[in-house]
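*Asks:* Using my numbering, read the sequence shown as starting at -18 and increasing by one per residue.
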Amino acid sequence: MSLDDGGYVLSCQLHGHEDDVRGICICGAGVIATSSRDRTVRLWSPDPSSGKGYVQSKTLVGHSSFVGPLAWIAPKEGLLEGGVVSGGMDALVLLWDIAKGEVVRTMKGHQMQVTGLAVAANGDIVSSSIDCTIRRWRNGDTVEVLEAHKVAIQAVLVLPSDELVTASSDATLKLWRGKTCLRTFSGHTDTVRGLAMMSDVGILSSSHDGSIRLWTLTGDVLMELIGHSSLVYAVDAHRSGLIASGSEDFFLKIWRDGVCIQSIEHPGCVWDVKFMENGDIVTACSDGVARIWTSHSERYSEATEREAYISLISQNKISRKKVGGLKLMELPGLEALQAPGKHDGQTMIIREGDNGVAYSWNSKENKWDKIGEVIDGPEGPTDRAMHEGVPYDYVFDVDIGDGEPVRKLPYNRSDNPYSVADKWLLNEDLPLSYRQQIVDFILQNTGQRDFSFDPSFRDPYTGASAYVPGDPSRGQPLTPIAQSSSKPVFKHIPKKGMLLFDVAQFEGILKKVSEFNMVLLADPSQKGLSLTEEELMRFSSIVNTLKDTSRYHVTAFADAELALIVKVLQSWPLAMLFPVIDILRVFILHPDGASSLYKCINEGNDILIEILRKVTAPPVLSANLLTVTRAISNLFKNSSLQPWLHVHYREIIDVLSSCKEQFTKNIFISYSTLLLNYAVLLIELKDEEGQAQILSAALDVAEDIDQDVVSRFRSLVAVGSLMLEGRVKSLAIELDVKTVAAAAKSSKEVEIAQVGADLEILIKSP
-18 MSLDDGGYVL SCQLHGHEDD VRGICICGAG VIATSSRDRT VRLWSPDPSS GKGYVQSKTL
42 VGHSSFVGPL AWIAPKEGLL EGGVVSGGMD ALVLLWDIAK GEVVRTMKGH QMQVTGLAVA
102 ANGDIVSSSI DCTIRRWRNG DTVEVLEAHK VAIQAVLVLP SDELVTASSD ATLKLWRGKT
162 CLRTFSGHTD TVRGLAMMSD VGILSSSHDG SIRLWTLTGD VLMELIGHSS LVYAVDAHRS
222 GLIASGSEDF FLKIWRDGVC IQSIEHPGCV WDVKFMENGD IVTACSDGVA RIWTSHSERY
282 SEATEREAYI SLISQNKISR KKVGGLKLME LPGLEALQAP GKHDGQTMII REGDNGVAYS
342 WNSKENKWDK IGEVIDGPEG PTDRAMHEGV PYDYVFDVDI GDGEPVRKLP YNRSDNPYSV
402 ADKWLLNEDL PLSYRQQIVD FILQNTGQRD FSFDPSFRDP YTGASAYVPG DPSRGQPLTP
462 IAQSSSKPVF KHIPKKGMLL FDVAQFEGIL KKVSEFNMVL LADPSQKGLS LTEEELMRFS
522 SIVNTLKDTS RYHVTAFADA ELALIVKVLQ SWPLAMLFPV IDILRVFILH PDGASSLYKC
582 INEGNDILIE ILRKVTAPPV LSANLLTVTR AISNLFKNSS LQPWLHVHYR EIIDVLSSCK
642 EQFTKNIFIS YSTLLLNYAV LLIELKDEEG QAQILSAALD VAEDIDQDVV SRFRSLVAVG
702 SLMLEGRVKS LAIELDVKTV AAAAKSSKEV EIAQVGADLE ILIKSP
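1. Check the DSSP bridge columns for E125 and list the partner residues they point to.
2. On a CA-only basis, which of C640, L626, W625, R631 is nearest A598? Give me that one, please.
3. Mind reading off the beta-carbon distance from V749 to S192? Whole number of angstroms is fine, and I expect it under 8 Å.
4. Assign M518 to buried or exposed, taking buried as 16 or more other Cβ atoms, counted over all protein chains shown, within 10 Å of its Cβ.
5. Just how far apart, CA to CA, sit D1 and L41?
6. Consult DSSP for F256 and reduce its assignment to one of helix, strand or coil.
7. Based on Cα-Cα distance, which residue from I54, L61, H44 lies nearest to L73?
8. Taking the beta carbon of R158 as the centre, do at least 16 other beta carbons fall within 10 Å, making it buried, or is it exposed?
9. DSSP three-state label for D383, please.
10. May I have the straight-line CA-CA distance separating I330 from S614, to the nearest angstrom?
11. Compare the C-alpha of V173 against each of S186, L195, L318 and name the closest.
12. Could you round the C-beta distance between I588 and V547 to whole angstroms and report it? I think they count as a contact, below 8 Å.
13. Under three-state DSSP, which class holds Y751?
14. In its own chain, which residues sit with a C-beta less than 8 Å from the C-beta of S711, not counting the 5 before and 5 after it?
15. Could you check if Q457 is buried or exposed, using at least 16 other CB atoms within 10 Å of its CB as the buried criterion?
16. Give, in chain order, every unbroken run of the beta strand (DSSP E) that is at least 3 residues long and sits entirely within the stretch 225 to 270.
17. How should V718 be labelled, buried or exposed, when 16 other C-beta atoms within 10 angstroms of its C-beta is the threshold for buried?
18. Under 8 Å by Cβ, that's how I've got A683 and V721 pegged, so tell me the actual separation to the nearest angstrom.
19. Which same chain residues, not among the five before or five after A678, have their C-beta less than 7 Å away from its C-beta?
20. With respect to the alpha helix (DSSP H) encompassing S651, which residues constitute its N-terminal and C-terminal limits?
21. Starting from the Cα of R566, find the closest Cα among K345, L616, Y415, L195 and give me that residue.
22. Going by the C-beta, is H130 closer than 8 Å to any heavy atom of the ligand MN?
23. Given a cut-off of 9 Å, decide if E125 and R117 are closer than it, judged by their beta-carbon atoms.
24. So R693 and D685 are in contact, right, with Cβ under 8 Å, and what is the actual spacing, rounded?
25. In whole angstroms, give me the CA-to-CA distance for M179 and G200.
26. Could you have a look at Y375 and say whether DSSP puts it in helix, strand or coil?
27. Considering A99, what are the terminal residues of the beta strand (DSSP E) in which it resides?
28. Could you check which residue in S506, R708, A55, G489 has the C-alpha nearest to that of V561?
29. In three-state terms, what does DSSP make of Y399?
30. Identify which residue in N586, L481, L570, S167 has its Cα closest to the Cα of V524.
31. Got a sec? Which residues, its chain only, sit under 7 Å from S188 by beta carbon, not counting five neighbours each side?
32. Taking contact to mean 3 or more Cβ pairs, one atom from each stretch, closer than 8 Å, check whether the stretch 657 to 672 and the stretch 23 to 35 are in contact.
33. So, does the stretch 474 to 484 touch the stretch 548 to 560, judging by three or more C-beta pairs under 8 Å?
34. How long is the line joining the alpha carbons of G69 and S603, rounded to whole angstroms?
35. Below 9 Å between beta carbons: does that hold for I273 and C(-7)?
36. From C241, Q135, L61, L195, pick the residue whose C-alpha is nearest to that of G208; which is it?
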């Protein structure tokens, strides 16, 4: 089969990554590089034994968060086999020597996730970032910074003329010559996510609006490709004229002359697509596998592998299918109907073929009565079930039997189930005696088993109290309960107020200060740093004041007491600082302590930023990181110190996140608490740029399923609060918060699952 026939078939599957494959780079000598959410870049080389497959040749480890864009650097002096450039959520740009599998340059400068990479003809590396900038790097150093858009930049392309094209969340493309914007390309209606050159024709762009556009350099649209049903993440072109695109809708689509000539379904969303020189296509999928597709029969995979892939897609469709909010494959089979129910009206969903069917236990007749088939919304990742032109979280089919037609029961998770049941029964002219059975069915099949009814509810029309489950029927038709607000109700977001670290083991702290002082006294070279007896007594006095929290409103500190803390923090060896930082942590919580610190900073002695920089510079010690992170978290209690927190938020988060390799469980808890407090503050200040940085940092913790429960929970709450009350919801969606939410919702930890459900509701809400 020739390339022109357009029939692509599975050639090879690249198994190795432990999470989503996010990026692809075609390197020299037939090598393929892939990047992943698992924080690695992997190199794949042709398999000499098969002649048509690929084997993993190297794993490149260096990023501290998920890796996205990749670019290829041809062989040159110092890179004899060429290099790969990678960009990550950790804001780093790394240059790898693929022969050695080592980082040869680490480029720091971006403040947020790196989203795009390109290599200029002269070897300069060009990178784009969520921080709205483009950076040009030469020999590892920044030689140019361009603030190209006012919102996140998603991709960058270097033209043969050395002009740049940028794509942004503002739905535009821009053409740049140096720092001059030559042209703005407008037409997309949502984030522009991907860019590619189509030789001798123009520029391709893919967008969250579901379309792909081909532009001339003068800004005219030559062609619009419509066919994907969801966000289009990537696009690429081949010299043959073929175009390939990858989407959230799980499809690779292949286009010729504006027409989709083939759609290839994947087990997950297709994050990236790249043509190889020979016309084969490589795809990066969220199932952790990169795949190569070919139109040349000699490179087809074995028939058994192709059949297994078809089976995988089929099983994946079934596994994705949900009924009543539950996965079809996790439902019990018909054998479950052999066991009696536990109470009259108990409902159960049974898997019957590819459908979920609801049954209700009839205790009088000692049997399960069939209610009807349960139907969720369409399988598409962004679709909701429709009923009479209105989207709902669920639409159930209810079969009431006796030859009656099947009735549709729409429901949103934010609705009051009793209200829905009342109105539905009245609309369908059905007996109100079915009411509790319908409510039980809704609660069971939406996972809202812990629903608690508010007894304080009053009917807005009659003023009467709401019906309380279990109340005896009064034998009269019930007035329908007014439907609850359509505004979503969340379990854990938004967060209000600040979290503090106010517990201290004062005796242990003083003992450690005394021990360290003895060490200094015993060392002739450090004896001059030791404290006098009077100074040790002053430390005891500070601690006694801090211990008596009931008298905080009437006690105060002498100037000499804060001066003593500052003196020790500035002079003692790094390894001895943590107990004194711990005293500062509690000192901040005292009203006069906070005021004294505020005065000290305003007078030009910013001990806070000084000690932060000191303990985050190598060598980094975990005890210092823990105490300084807790101390900064406690600053949020006092409004007079919040401007300092606002001014320094970028440096604080940057330097702390750069030390993550030294983080322990307790430091992660402190760090996630700091992020949550910052989320609350920056929402209040309406600082969109600050919110974006905290969102990125919080997602980095929240996406780690191996993280401890408290850290992950607090980071997820920070993300949800920023999305709900901040200004970064669209950015969170671009950063794939949907995957983070889904992983959280499936957690066995109740609070994690609950905040995951909050995020999913928030993502779906307008």
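All residues carry an ideal CB built from backbone N, CA and C; glycine is no exception.
Everything numeric in this text was worked out from a predicted model, so none of it was measured.
*Replies:* So, from the data block:
1. Stepping through the sequence shown from its first residue, residue 125 is reached at position 144. E125 is bridged by DSSP to R117.
2. The residue given as residue 598 occupies position 617 in the sequence shown. Residue C640 is the option with its Cα nearest to A598.
3. A query on residue 749 cannot be resolved here, the shown segment of the chain reaching from -18 to 747 and no further.
4. If you number the sequence shown from 1, residue 518 lands on position 537. Label assigned to M518: exposed.
5. Here residue 1 refers to the residue found at position 20 of the sequence shown. Here residue 41 refers to the residue found at position 60 of the sequence shown. As the crow flies, the alpha-carbon of D1 is around 16 Å from that of L41.
6. Locating residue 256 in the sequence shown gives position 275, counting from the first residue. In the structure shown, F256 sits in a strand (DSSP, three-state: E or B).
7. Here residue 73 refers to the residue found at position 92 of the sequence shown. The option with the nearest alpha carbon to L73 is H44.
8. Position 177 of the sequence shown holds residue 158. Answer is exposed; the Cβ neighbour count stays below 16.
9. Taking the first residue of the sequence shown as 1, we reach residue 383 at position 402. Because D383 sits at a pLDDT of 47, beneath the cut-off of 50, its placement in the model cannot be relied upon, and the following sentence gives the value as read from the coordinates. Reduced to three states, the DSSP call for D383 is coil.
10. Along the sequence shown, read from residue 1 onward, the residue named residue 330 stands at position 349. Along the sequence shown, read from residue 1 onward, the residue named residue 614 stands at position 633. Cα to Cα, the separation comes out at about 47 Å.
11. As a first step, residue 173 is located in the sequence shown; it is residue number 192 there, counting from the start. Answer by Cα proximity: S186.
12. Within the sequence shown, residue 588 is the residue found at index 607, counting from 1. Within the sequence shown, residue 547 is the residue found at index 566, counting from 1. Contact holds; Cβ gap of about 5 Å.
13. Missing from the structure shown is residue 751; the chain here goes from -18 to 747 and no further.
14. Here residue 711 refers to the residue found at position 730 of the sequence shown. Excluding sequence neighbours, S711 sits near S150, T172.
15. Residue numbering aside, residue 457 sits at position 476 when the sequence shown is read from its first letter. Bear in mind that a pLDDT of 32 at Q457, under 50, signals an unreliable position, so the number given afterwards is only what the model happens to contain. Label assigned to Q457: exposed.
16. 232 to 237, 240 to 246, 251 to 256, 262 to 266
17. For the purposes of this step, residue 718 is taken as residue 737 along the sequence shown, with counting starting at 1. By the neighbour-count rule (16 or more Cβ atoms within 10 Å), V718 is buried.
18. Position 702 of the sequence shown, counted from the first residue, corresponds to residue 683. Position 740 of the sequence shown, counted from the first residue, corresponds to residue 721. Indeed, because the Cβ distance is near 5 Å, the residues count as touching under 8 Å.
19. Translated into positions along the sequence shown, residue 678 becomes position 697. Closer than 7 Å at Cβ, skipping near neighbours: I634, S638, L656.
20. Taking the first residue of the sequence shown as position 1, residue 651 is located at position 670. Going by DSSP, S651 is part of the alpha helix (DSSP H) stretching over 646 to 666.
21. One-based indexing of the sequence shown puts residue 566 at position 585. For the set K345, L616, Y415, L195, the Cα lying nearest the Cα of R566 is the one of L616.
22. In the structure on display, the ligand MN does not appear, and there are no ligands present to speak of.
23. Position 136 of the sequence shown, counted from the first residue, corresponds to residue 117. Position 144 of the sequence shown, counted from the first residue, corresponds to residue 125. In this structure, E125 lies closer than 9 Å to R117 by Cβ.
24. Here residue 693 corresponds to residue number 712 of the sequence shown, with the count starting at 1. Here residue 685 corresponds to residue number 704 of the sequence shown, with the count starting at 1. Right, the Cβ-Cβ distance comes to about 7 Å (below 8 Å), so this counts as a contact.
25. Here residue 179 is taken as the residue at index 198 of the sequence shown, counted from 1. Here residue 200 is taken as the residue at index 219 of the sequence shown, counted from 1. Straight-line Cα distance between these residues: approximately 14 Å.
26. Within the sequence shown, residue 375 is the residue found at index 394, counting from 1. Strand, per DSSP.
27. Here residue 99 corresponds to residue number 118 of the sequence shown, with the count starting at 1. Its beta strand (DSSP E) spans residues 95 to 100.
28. One-based indexing of the sequence shown puts residue 561 at position 580. Of S506, R708, A55, G489, the residue nearest in Cα terms is G489.
29. The residue you call residue 399 lines up with position 418 of the sequence shown. Residue state, collapsed to three classes: helix.
30. The residue you call residue 524 lines up with position 543 of the sequence shown. Nearest C-alpha to V524: L570.
31. Translated into the one-based positions of the sequence shown, residue 188 becomes position 207. Listed in chain order, the non-local C-beta contacts of S188 below 7 Å within the same chain comprise H169, D171, T172, V173, R174, V213, local neighbours out to five positions each way being set aside.
32. no
33. no
34. Translated into positions along the sequence shown, residue 69 becomes position 88. Translated into positions along the sequence shown, residue 603 becomes position 622. Within the model, the alpha-carbon separation for G69 versus S603 is close to 25 Å.
35. As a working note, residue 273 is residue 292 in the sequence shown. As a working note, residue -7 is residue 12 in the sequence shown. For I273 and C(-7), yes; Cβs fall inside 9 Å.
36. For this step, residue 208 is matched to residue 227 along the sequence shown. Out of C241, Q135, L61, L195, C241 has the C-alpha closest to the C-alpha of G208.
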